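The structure under discussion appears below in the form of structure tokens.
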Amino acid sequence: MQEQYKKKRQELLKALSEIICDLRKNSKKSANLFANEIEISKTTILKMEKGLLDPQLSTFCRIANALNMSPSKLLELVEKKLPKNWDFLDI
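In our numbering, the protein residues as written are 98 to 188.
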């Protein structure tokens with residue numbers, strides 16, 4: 098059970114990291130500028146973009162805002178990136 102939880106969490110973090118990284122780069126914002134906009138360190142942003150850090154809900158909302166979208170839209174993009182059989186209830 099613990100291994101399945103770890104696997105699901107890693108899949109979620111990978112999808113989230115790829116979406117954040119892609120959207121930040123498409124908005125032509127450096128990691129430093131983006132970090133300043135959401136009031137966290139550049140290191141924290143880079144760790145999130147590598148899937149090494151799971152952002153808090155408040156940080157997730159600030160990320161969405163800095164990307165000019167709602168948190169629900171950002172979550173929708175993440176959800177589309179997850180494997181077909183992936184379910185939020187599993188984590």
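Quick reminder that beta carbons are idealized off the backbone N, C-alpha and C, glycines included. Since this is a predicted model, take the numbers as computed values, not measurements.
| Query | Result |
| --- | --- |
| Considering only residues of the same chain and omitting the five flanking positions on each side of Leu150, which have a CB-CB separation below 7 Å? | Thr141, Lys144 |
| Is DSSP giving Glu173 helix, strand or coil here? | helix |
| Just how far apart, CA to CA, sit Glu136 and Val175? | 22 Å |
| What does the Cβ neighbour count give for Leu109, buried or exposed, with the cut at 16 atoms within 10 Å? | buried |
| Check this for me: beta carbons of Cys129 and Lys139, under 8 Å apart or not? | Correcting the residue identity first, residue 129 is Asn in this sequence and not Cys. Yes. |
| Count the other CB atoms within 10 Å of the CB of Arg180; is the residue buried (16 or more) or exposed (fewer)? | What sits at residue 180 in the sequence shown is Pro, not Arg. Classification for Pro180: exposed. |
| For Leu154, does the count of other Cβ atoms within 10 angstroms reach 16, so buried, or fall short, so exposed? | exposed |
| How many Å lie between Ile117 and Gln99 at the Cα? | 27 Å |
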